[in-house]
Structure formats: C-alpha cells, structure tokens
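Following my numbering from start to finish, the sequence shown increments by one per residue and tops out at 966. The structure appears below as structure tokens.
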Amino acid sequence: MEYKFYYFPGRGLGEVSRQLFALAGVHYEDIRVPKEQWPELKPKMPFGQMPVLEVDGQQIPQSLAIARYLARKFGYAGKTPYEEAIVDALADQYKDFYVEIKGYYYPAMGLAEGDVLKQVGVTGAPNAPTEVSWPRLFFPHDDTHPQIPLGSPISFVMGPAFLRSHLSKETVQGFLAGQELTYADLILAEHIHTMRSVFPEYTKGFPEIEAHYEKVTSVPALKKWMETRPKTNF
C-alpha cells in the first residue's frame with residue numbers, strides 16, 4: 733500500500749499518526765506543508781483541513797479517524813472489543829479536553845494572543861507563584877490536590893483522578909488500557925511532552941502519569957523516532 737500523510741511541519745494533531753508509522757516500521761511519505769503553501773492545497777483536502785492520510789489515492793481526514801485507522805491496521809488499538817472501546821473512549825475524552833483547553837493552551841504556546849491566567853481568574857506568570865499552579869489548569873480535578881473552582885472556565889475532568897484508574901492495579905503493565913501499548917498512550921505521552929517543553933513542572937505531583945510517560949517514550953522504535961524526527965516547538 734502507498735501511504736501519504738499531509739500535515740503542517742509541526743507535531744500537533746499529526747504526531748500520533750507519525751508515531752504509529754514509526755512503531756509499525758511502515759514506509760509512508762511524510763508531506764509537511766509549509767504555511768505559505770496551505771491556501772493552494774486547502775481546497776483539495778476533505779473539510780479543508782489537515783491532517784489527511786492518503787491510502788492508495790483514497791483520502792482519510794480528521795486526526796482521530798486517521799489514528800484509529802492506523803492503530804487498528806498496525807495492532808495498537810486494543811486486543812479485544814472491550815479494550816478497543818476503552819482506547820477509543822480515552823482518545824475521544826482527550827479530544828474534548830483539547831477543544832476545551834485551546835483558549836488557554838494556544839496563548840501559552842504563543843499561537844494566539846491572550847492572558848491565560850487572567851482567563852481562569854488567577855494572577856501571575858507561568859514561572860511565578862500563583863493561587864492555582866499551571867498543572868491545575870489542565871489537570872483541574874484530583875482527590876489530593878487543590879482544584880480550580882467548578883465555576884472556572886476549565887472544569888473538565890481528564891486529569892489524575894480519571895487517569896489513575898487506568899494506570900493503577902487494573903493495568904499492571906502501566907498502559908492506559910490492557911497490557912500493551914495503544915494509540916491512547918501515544919496521545920497522552922505526546923501531550924505531556926509538548927506541555928513539559930513550556931511548563932517543565934507540568935506533571936509534578938503526578939507520579940503515575942510521569943511513569944507512564946517514561947514507559948511509553950522508552951519503547952525503542954518510538955524513542956528512535958523522537959530522537960530523529962524534525963525538531964519543532966509543538
């Protein structure tokens with residue numbers, strides 16, 4: 733089969749699919765579209781968006797649809813129907829989480845203008861003491877850590893209390909679902925990698941999540957990809 737993967741030069745919503753190709757050792761054409769070339773290409777893309785995966789000339793749009801397709805094809809979608817459902821649920825949960833944090837995440841990454849802390853009702857800067865730490869902005873609810881008030885813009889539960897239920901005794905191998913690596917693990921690890929690049933203490937106080945990140949990024953094929961892939965900020 734001939735694979736062509738279209739996305740911008742950065743990692744963003746395309747990175748998990750690239751990682752799946754790396755894990756599977758499957759050749760594909762990694763087409764990184766410069767911003768200035770995007771207007772010309774946009775009308776040719778389904779929904780006028782990227783990423784897009786082309787398989788023998790047939791186009792598949794949407795980042796999660798592509799990741800699911802590749803994960804099922806390469807064996808990273810779960811080993812049973814139940815595991816597949818849990819993996820998909822985790823991926824969908826993250827997509828909802830991502831949509832909710834975009835208003836804070838984009839300014840924090842320098843992709844948009846805005847005062848992130850002011851939007852959530854606290855003052856200070858990322859490296860200064862604040863009433864609510866930066867990890868709390870993205871992992872807002874936890875049974876052992878301070879919470880952002882429920883009335884704050886970010887009140888989405890994707891954080892430690894939720895993830896710990898998948899990283900404890902139920903998954904002795906340390907993965908989110910079942911006993912083997914899935915694309916849901918890649919989604920979480922890539923999120924952590926990106927956020928740590930801006931906020932080094934992003935996962936401080938969450939040992940299960942830190943251990944999960946180390947486990948996933950230590951997989952030889954993935955580690956090699958991360959060491960040799962084009963260097964981008966996000």
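C-beta atoms are modelled at their ideal positions from N, C-alpha and C, and glycine is treated no differently. No experiment lies behind these values; they were computed from the predicted model shown.
DSSP-derived helix/strand/coil call for residue i
i    : result
Y830 : helix
E747 : helix
D788 : coil
Y915 : helix
Y735 : strand
P783 : coil
P962 : coil
P741 : coil
E933 : coil
P766 : coil
Close beta carbons around residue i, own chain, < 6 angstroms, minus the five adjacent residues each side
i    : result
Y739 : G746, M782, P783
K805 : none
Y760 : Y735, F737, F753
L908 : L822, H898, A916, D917
Distance between beta carbons of residue j and residue i, contact taken as under 8 angstroms
i    : j    : result
T949 : Y808 : Not really, about 15 angstroms apart at Cβ, beyond 8 angstroms.
L954 : A754 : 6 angstroms
P766 : M777 : About 15 angstroms; that fails the 8 angstroms criterion.
L785 : L752 : Incorrect: roughly 10 angstroms between the Cβ atoms, too far for contact.
G744 : F966 : 6 angstroms
Beta-carbon contacts of residue i that lie in its chain and below 8 angstroms, excluding the five residues immediately before and after
i    : result
P962 : P741, R764
Y826 : M890, A916, I919, L920, H923
F967 : What the structure shows of the chain is the stretch from 733 to 966, and residue 967 is not part of that stretch, so it cannot be assessed.
R928 : Y934, T935
T964 : P741, G742, R743
A817 : G810
Euclidean distance between Cα positions of residue i and residue j
i    : j    : result
E815 : R800 : 13 angstroms
W770 : Q791 : 17 angstroms
R750 : V819 : 18 angstroms
E912 : P952 : 14 angstroms
K811 : D762 : 28 angstroms
P885 : Y830 : Note that P885 scores 35 on pLDDT, short of 50, meaning its location in the model is unreliable; the coordinates nonetheless yield the value given after this. Near 13 angstroms, if we compare the C-alpha coordinates of Y830 and P885.
Y735 : E768 : 24 angstroms
A797 : M958 : 23 angstroms
G937 : A943 : 11 angstroms
Y945 : F931 : 15 angstroms
V748 : T935 : 20 angstroms
T926 : T960 : 16 angstroms
Beta-carbon proximity list for residue i, same chain, < 7 angstroms, skipping 5 on both sides
i    : result
K947 : G906
L773 : V765
M733 : V787, D788
Residue range of the alpha helix (DSSP H) that includes residue i
i    : result
E946 : 939-949
A909 : From DSSP, A909 is part of no alpha helix (DSSP H); its letter is neither H nor E.
Y808 : Looking at the DSSP string, Y808 is not in any alpha helix (DSSP H), and its letter there is neither H nor E.
Interface flag, residue i vs chain C, CB-CB below 8 angstroms
i    : result
E761 : In the displayed structure, chain C is absent; only one protein chain is listed.
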